[in-house]
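Novice: Can you read through this structure? Questions will come right after.
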Amino acid sequence: MGKRPQLTDELEALSSMGEPTMIQSGEELEKSDAETDILKFLVDLFH
């Protein structure tokens, strides 16, 4: 069976990322949290 392709640097960093370190406004934080959660899910699913 073949190997999965390597993740991009951005996705690799995202897969090992902990809590956000930057302070953002509530709306920006909510939006970025949702996007981050989706991307983390996809990385976990396919990696």
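The sequence shown begins at 14 in the numbering used here and counts up by one.
Here a beta-carbon is modelled for each residue, glycine too, at the ideal position from N, C-alpha and C.
All of these numbers come straight from a predicted model, not from anything done at the bench.
(1) Just the Cα atoms here: how many angstroms apart are L55 and K16?
(2) With DSSP collapsed to three states, give me the class of G15.
(3) Just confirm the distance between the C-beta atoms of L52 and L27, as a whole number of angstroms; I'd bet it's less than 8 Å.
Specialist: Let me spell this out:
(1) Along the sequence shown, read from residue 1 onward, the residue named residue 55 stands at position 42. Along the sequence shown, read from residue 1 onward, the residue named residue 16 stands at position 3. If you take the alpha carbons of L55 and K16, they lie about 17 Å apart.
(2) Counting from 1 along the sequence shown, the entry for residue 15 is found at position 2. DSSP, reduced to helix, strand and coil, places G15 outside both helices and strands of the structure shown, so it counts as coil.
(3) Looking up residue 52 in the sequence shown gives position 39. Looking up residue 27 in the sequence shown gives position 14. About 5 Å separates the Cβ atoms of L52 and L27, confirming a contact at the 8 Å cut-off.
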